[in-house]
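Position one of the sequence shown corresponds to residue 1 (the UniProt record's numbering), numbered consecutively onward. Positions of the beta carbon are idealized from the N, C-alpha and C atoms, including for glycine. Quick caveat, the model's predicted, so the values are computed rather than measured.
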Amino acid sequence: MSNNNKFAIFAGIMIVCGIIVFALQNSSFTTTTESIAHSITSVSQRLKNNPKASQAAEEEDDKPKRNCLLNRRVCDLKLAGDSPQARRTRAKEARKSGSTEVVMPNSDPIEITVEMIPKSVRALKNTTFRVEGADFRALEGRLVGVNMDMGTTIITFKKTGENRYDGKFIPSVCIEEVMQYSLKLYDEGQDLGFAVDFDIYR
């Protein structure tokens, strides 16, 4: 057999081998890609068909967002600068300092604090809410349940010092181990525009 024939046969074999290797590599790549896509689809389908997982995700989304939690700290809130309470507070401070400066309705907000005493509250135990920092005329709190409808409980605040007001509350017993409440503040029936939250333990 001549050298030319040998070379032709060798070249043909190499070309065939190259085609086979290329085909195998492409087949492997396609198979791997299809396998990954199948796995992703399978996982998505399992999550979709898992009612407990779907329900847990929906419940997490449906949970109400909590306001500042009185069990953890004293809550700092801001009264609008043009609110009657802010204007009265600034006017009183001006009179005390002997100032004749006119109190503008667009002044900066006034900071007030809301505190719960004690911070760890249990059912049927005396609890005090303390609001400080502004001049109120008829301050009241309205309590509503967050994780259970308990109606509305009205708390009347009494003045106990300079710009300081205390409201007493005795939590009732509930079937829930932890009862979540939200407290909104009103003055002369006007919503002050903010709320604080707290938890009561059975």
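Would you mind reading off the limits of the beta strand (DSSP E) that contains residue i?
i: arginine 164; result: 164-169
i: arginine 142; result: 139-145
i: cysteine 75; result: 75-79
i: methionine 179; result: 178-187
i: methionine 116; result: 110-117
i: alanine 123; result: Taken as a continuous stretch (DSSP letters only), alanine 123 belongs to no beta strand (DSSP E), as it is neither H nor E.
i: phenylalanine 194; result: 190-201
i: lysine 159; result: 152-161
Please find out if some non-hydrogen atom of the ligand FMN comes closer than 7 Å to the beta-carbon of residue i.
i: threonine 89; result: You won't find the ligand FMN in this model; it holds no ligand whatsoever.
For the alpha helix (DSSP H) that contains residue i, what are its first and last residues?
i: lysine 96; result: 84-97
Within 10 Å of its beta-carbon, does residue i have 16 or more other beta-carbons around it, so buried, or fewer, so exposed?
i: threonine 89; result: buried
i: serine 83; result: buried
i: serine 28; result: Annotation note: pLDDT 48 at serine 28 (below 50); position unreliable, coordinate value reported separately. Answer is exposed; the Cβ neighbour count stays below 16.
i: alanine 123; result: exposed
i: glycine 141; result: buried
i: glycine 167; result: buried
i: threonine 127; result: buried
i: valine 178; result: exposed
i: aspartate 187; result: buried
Report the residue from the options whose alpha carbon sits nearest the alpha carbon of residue i.
i: arginine 137; options: Ala123, Lys158, Ile175, Arg130; result: Lys158
i: tyrosine 165; options: Ile175, Phe129, Asp191; result: Phe129
i: proline 109; options: Glu93, Asn126, Ala86, Ala91; result: Ala86
i: glutamate 176; options: Ile155, Ile154, Thr156, Gly145; result: Gly145
i: isoleucine 170; options: Lys65, Ala91, Cys68, Pro118; result: Pro118
i: methionine 116; options: Ser97, Ala80, Ser182, Lys92; result: Ser182
i: glutamate 162; options: Ile154, Lys92, Ser97, Leu192; result: Lys92
i: aspartate 135; options: Val121, Lys184, Lys125, Thr113; result: Thr113
i: cysteine 68; options: Gly189, Gln190, Asp191, Lys184; result: Lys184
Validate contact between the segment 190-201 and the segment 148-157 using beta carbons, cut 8 Å, 3 pairs
no
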